[in-house]
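*Asks:*
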Amino acid sequence: MATSAQPHVIVVGGGIIGAAIAWHLAQHTSVTVVAEDIGGPASKASFAWLNASSVNQKFYYEFRRRSLQRWKQIHTELPDLPISWSGSINWHKPTEVLAKTEHNLTAWGYDIADMKKSQVSKQEPFFDQSTLPDRALYYPEEGAMEAHVVAQMLVANAEAQGNVKVIRATAKGLLQESGSVRGVKLASGEEISGDHVVVAAGLGINSKYLYIRQTSDGIIKAGCENPGDDPGDDPEAMAHQVFSKVRSTLVGGETIEFDYYTVGYKPTPKDGLPIIGPTGLEAVSVAVMHSGVTNAAIVGELLSKQILTGEMDPNLEHFRLDRFNE
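Residue 215 in UniProt numbering sits at position 215 of the sequence shown, with consecutive numbering throughout.
1. Where does V251 land, buried or exposed, given buried means 16+ other C-beta within 10 angstroms?
2. Going by the CB atoms, is the gap between V9 and S30 shorter than 9 Å?
3. Is it true that the stretch 99-113 meets the stretch 132-139, where meeting means three or more beta-carbon pairs spaced less than 8 Å apart?
4. Could you tell me the alpha carbon to alpha carbon distance between V34 and V97, rounded to whole angstroms?
5. Near A20, what residues of its chain come up, given a Cβ to Cβ distance below 7 Å and the 5 sequence neighbours on each side ignored?
6. Report the partner residues of M145 according to the DSSP bridge assignment.
7. Using a 10 Å radius around the Cβ and a threshold of 16 neighbouring Cβ atoms, would you call S88 buried or exposed?
8. Just verifying my parser: in three-state terms, what is the DSSP assignment at T131?
9. Counting only the same chain and skipping the five closest in sequence on each side, list residues whose C-beta sits under 7 Å from that of A151.
10. So, at 7 Å on beta carbons, what are the nonlocal neighbours of V164 in its own chain, with the 5 sequence-adjacent residues on each side left out?
11. Find the nearest neighbour of A147 within the set P41, P125 and A239, judged by alpha-carbon distance.
12. Quick one: which unbroken alpha helix (DSSP H) runs of 4-plus residues sit fully inside the stretch 38-125? Chain order, please.
13. Among residues of its own chain, excluding the 5 on either side of R70, which ones have a beta-carbon nearer than 7 Å to its beta-carbon?
14. According to DSSP, is R320 part of a helix, a strand, or is it coil?
15. Which whole-angstrom value describes the C-beta separation of A200 and E36, a residue pair presumed to lie in contact below a C-beta threshold of 8 Å?
16. Nearest by alpha-carbon distance to S188: which of P94, H24, G173 and P133 is it?
17. What did DSSP end up calling A171 once you bin it into helix, strand or coil?
18. Alpha carbon to alpha carbon, what distance is there between Q161 and I275?
19. Judging by CA-CA distance, which residue of Y61, F59, L50 and Q57 is the nearest neighbour of K72?
20. Excluding sequence positions up to five away, which residues of its chain have a Cβ less than 6 Å from the Cβ of N90?
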């Protein structure tokens, strides 16, 4: 339980990042989560791939891998979280790019295997042979989660500990007094006081690449997941284009039925790297990034430590907001 000496922290945002931050903070202090909906909307629309293989900067790879390890620790502590560590297979890039990726990740110590077409077919027998590549990379330590459910469960677990209060509302601004932030103002006009505010409410952005995975309840989830794509004025038409590609890719795909589609905008900063930590305003921190699903665990751990103790993990130096001032 929190003590009177510990700060009351307001977390704005109830997606996977906000939930992970709130859960970590709640182990030590009192937290108020301000969000219209816990678990959404971006986290619900996310493909929710847990990986460290999709980046080419070593420091960012190391950060993401730390987060994978932290997720596994959290999953051990909360085994009912819908997280699957079944690995991933990747072949959407040209052969020369895959070779460079394999070289870098192997040098950095990542668990990786080069797969031939026959091996991919054996591991994923429901993919039509004609759609498979001659070469792919397999990452056995990667996984996926139902991100919105994990967010809901983390917040519920923190609530059960007695340190978290959830206010289902929209935060419209910061409360300031004599140059200091002392809380947030809701759309209703209500004011919520706090000692520190964390903004984890996302930004805005949405691949020509097809991503496919099966959810924990058997649903096939597919989509376009790279920054720069836009569903335009007819997102349903794009959804049906993706669905048609899925049907032609999978064996027996003609039996698959279209269920629903979502549009989620990835909060991707200008340089593609996370923004984590101080904002320049006293007592206000920010956490905005893609991929929030992969990074949320380590962000929650390190940012909560920074807020509560003032200690900044050296890894966070790469992700400060003030880098854009340089």
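We treat Cβ as the ideally placed atom computed from N, Cα and C, and that holds for glycine. Bear in mind that the values here come from a model prediction, so they are computed numbers and not experimental data.
*Replies:* This is what the structure gives:
1. Here residue 251 refers to the residue found at position 251 when the sequence shown is read from its first residue. Note that V251 has pLDDT 49, beneath the 50 cutoff, so the model's placement of it is unreliable and no number is given.
2. On the sequence shown, position 30 is the one that residue 30 refers to. On the sequence shown, position 9 is the one that residue 9 refers to. Yes, Cβ-Cβ distance for S30 and V9 is below 9 Å.
3. Result yes; three or more Cβ-Cβ pairs closer than 8 Å.
4. To locate residue 34, count along the sequence shown from 1; it is residue 34. To locate residue 97, count along the sequence shown from 1; it is residue 97. V34 and V97: Cα-Cα distance of roughly 42 Å.
5. Here residue 20 is taken as the residue at index 20 of the sequence shown, counted from 1. Excluding sequence neighbours, A20 sits near L154, A296, A297, V299 and G300.
6. Taking the first residue of the sequence shown as 1, we reach residue 145 at position 145. DSSP links M145 through a beta bridge to I83.
7. Within the sequence shown, numbered from 1, the residue matching residue 88 stands at position 88. Buried.
8. Against the sequence shown, residue 131 aligns to sequence position 131. Looking at T131 - three-state DSSP - the assignment turns out to be helix.
9. Residue numbering aside, residue 151 sits at position 151 when the sequence shown is read from its first letter. G14, G15, I16, A19, I38, G39 and S43.
10. For the purposes of this step, residue 164 is taken as residue 164 along the sequence shown, with counting starting at 1. The answer, listed in chain order, is A22, A26, V31, V33, V155 and A158.
11. Sequence index remark: in the sequence shown, residue 147 carries index 147 (1-based). The residue with the shortest Cα to Cα distance from A147 is P41.
12. You should have 42-45, 58-77, 95-107 and 117-123.
13. In the sequence shown, the residue the question calls residue 70 occupies position 70. Closer than 7 Å at the Cβ level, and outside the excluded window around R70, lie A297, I298 and E301.
14. By one-based count along the sequence shown, residue 320 stands at place 320. In the structure shown, R320 sits in coil (DSSP, three-state: anything other than H, G, I, E or B).
15. One-based indexing of the sequence shown puts residue 200 at position 200. One-based indexing of the sequence shown puts residue 36 at position 36. With a contact defined as Cβ atoms closer than 8 Å, A200 and E36 miss out at about 13 Å.
16. What you label residue 188 is simply residue 188 of the sequence shown in a count that begins at 1. Nearest of P94, H24, G173 and P133 to S188, Cα basis: G173.
17. For the purposes of this step, residue 171 is taken as the residue at position 171 of the sequence shown. Residue state, collapsed to three classes: strand.
18. Residue numbering aside, residue 275 sits at position 275 when the sequence shown is read from its first letter. Residue numbering aside, residue 161 sits at position 161 when the sequence shown is read from its first letter. Distance between the alpha carbons of I275 and Q161: 29 Å.
19. As a position in the sequence shown, residue 72 is number 72, starting the count at 1. Among Y61, F59, L50 and Q57, the Cα nearest to that of K72 is on L50.
20. Indexing the sequence shown from 1 puts residue 90 at position 90. Sequence-distant Cβ neighbours of N90 in its own chain, meaning closer than 6 Å and more than five residues away, are L137.
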